[in-house]
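Asker: Sharing a structure, written as structure tokens. Questions coming.
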Amino acid sequence: MTTFPQPPPGLEAQALVQWAADTFREDLALACSAGVEDSVLVHLAAQTGHRVRVFMLDTGRLHPETHETFDRLRLSYPQLRFEVYSPEADEVEALVAGQGLFGFRDSLVARHTCCEVRKLAPLRRALAGSRAWLTGLRREQSPTRADLLATEPDGGSPERLKVAPLLDWDLARTWAFVSKHHIPTHPLHQAGFPSIGCAPCTRAIEPGEDLRAGRWWWERPEHKECGLHNRPGKA
Ligand code: SF4
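According to the numbering used here, the sequence shown is numbered sequentially starting from 4.
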């Protein structure tokens, strides 16, 4: 089993990002889907003095606002490296030939197949060679994230460390931070989308609904992950 460097206990978000950047340097990446948590992480990464690599997975089904937000972040933080990874064209063509453009709604297996082609395969390419990555996961986002740790081996590769500096932040604190620092944020957050993924798999939520209720709303809450954040030994 891989033994990872571990941060001192109790580090605040900025200190944890700094520790990750100092420890892993060019082997650190930041996954950015342009949600508000990722806006915070990009800002924190920009304060480290390292040219952290920020990547987006462009599934081919994203809202145009997601592209625009990612590019606003790129322009706002030129001290970082921004990259976009896309699925392989032949794999997308085979997927669509097999299940159509909306087959992911037919079953959990079909949905996971789409996420595998459009997200997970590009993620593996984006993280190839990285020893650690930063994610904007927060515990309050969903039942599948309630027992996460700030540093964990990556479910996709036990050789890689996943670092979640915002784990204990609530939504109010997250928004207060981006407001204070004038950080670009995704406009769909203001239209009732607390969590934003692919356009056909994301809807606005009603007041009082769970934060992740708008993601894959036809599925049970414990199924609402795309595989990016699978964990060893967890469903
Ligand atoms: S979120 Fe929906 S459209 Fe996007 S990759 Fe997964 S199943 Fe496909």
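Virtual Cβ for every residue (Gly too), placed ideally from N, Cα, C.
For clarity, every value in this text was computed on a predicted model and none was experimentally measured.
#1: Quick one: measure Cβ to Cβ for Phe107 and Tyr88, integer angstroms, because I've assumed they're closer than 8 Å.
#2: Among Val120, Leu126, Phe180 and Thr147, which has the Cα closest to the Cα of Gly101?
#3: In terms of DSSP beta bridges, what is Ser160 paired with?
#4: Considering only residues of the same chain and omitting the five flanking positions on each side of Asp30, which have a CB-CB separation below 8 Å?
#5: Where Leu174 and Leu104 are concerned, what is the direct C-alpha to C-alpha distance, given to the nearest angstrom?
#6: Just to confirm my understanding: we take Ala238, look at its own chain, exclude 5 residues before and 5 after, and list those with CB closer than 6 Å. What are they?
#7: On a Cα-Cα basis, can you pick out the residue from Gly13, Gln17 and Ser79 that is closest to Thr177?
#8: Measure the C-alpha to C-alpha separation of Ala216 and Ala194 and round it to an integer number of angstroms.
#9: In the DSSP assignment, find the unbroken beta strand (DSSP E) run with Val57 in it and report its ends.
#10: Between Val39 and Ala97, what straight-line distance do the alpha-carbon atoms span, to the nearest angstrom?
#11: Would you call the segment 77 to 93 in contact with the segment 114 to 128, where contact means no fewer than 3 C-beta pairs closer than 8 Å?
#12: Is Thr196 helix, strand or coil when you go by DSSP?
#13: Excluding the five sequence neighbours on either side, which residues of its own chain have a C-beta within less than 7 Å of the C-beta of Glu209, listed in chain order?
#14: Suppose you measure from the CA of Ala24 to the CA of Thr72; what does that come to, to the nearest Å?
#15: Suppose the cutoff is 6 Å on Cβ atoms and the five residues either side in sequence are ignored; what does the same chain contact list for Leu152 look like?
#16: Taking the alpha carbon of Pro67 as the point to measure from, which residue in Arg223, Thr6 and Pro203 has its own alpha carbon closest?
#17: Can you tell me whether Gly13 sits near the ligand SF4, meaning its C-beta is under 7 Å from at least one heavy atom of the ligand?
#18: If you drop the 5 nearest sequence neighbours on each side, which residues of the same chain put their C-beta closer than 6 Å to that of Ser79?
#19: Using a strict less-than 6 Å threshold between each residue's beta carbon and the heavy atoms of the ligand SF4, what residues do you get?
#20: Answer with buried or exposed for Trp220, where buried requires no fewer than 16 other C-beta atoms within 10 angstroms of its C-beta.
#21: From this set, Phe180, Asp41 and Gln50, which residue's C-alpha is nearest Leu60's C-alpha?
#22: Is Thr154 near the ligand MN, in the sense that its beta carbon is under 7 Å from a heavy atom of that ligand?
Answerer: Well, looking at it:
#1: Not confirmed; about 20 Å, so no contact.
#2: Across the set Val120, Leu126, Phe180 and Thr147, the C-alpha of Val120 shows the shortest separation from the C-alpha of Gly101.
#3: Asp157
#4: Gly132, Ser133, Arg134 and Ala135
#5: 33 Å
#6: Caution applies to Ala238, whose pLDDT of 42 falls short of 50 and renders its modelled position unreliable; the value that the coordinates give is listed next. Excluding residues within five positions, none has a Cβ falling inside 6 Å.
#7: Gln17
#8: Taking C-alpha positions only, Ala216 is separated from Ala194 by approximately 14 Å.
#9: Arg56 to Leu60
#10: 33 Å
#11: yes
#12: Here residue 196 is Phe; the residue named in the question, Thr, does not match the sequence. Residue state, collapsed to three classes: coil.
#13: none
#14: 24 Å
#15: none
#16: Pro203
#17: Result no, Cβ not under 7 Å from the ligand SF4.
#18: Pro187
#19: Cβ-based neighbours of the ligand SF4 within the cut-off: Thr62, Arg64, Phe107, Arg114, Cys117, Cys118, Arg121, Lys122, Gly200, Cys201, Pro203, Cys204 and Cys229.
#20: exposed
#21: Asp41
#22: Absent from the structure shown: the ligand MN. Ligands present: the ligand SF4.
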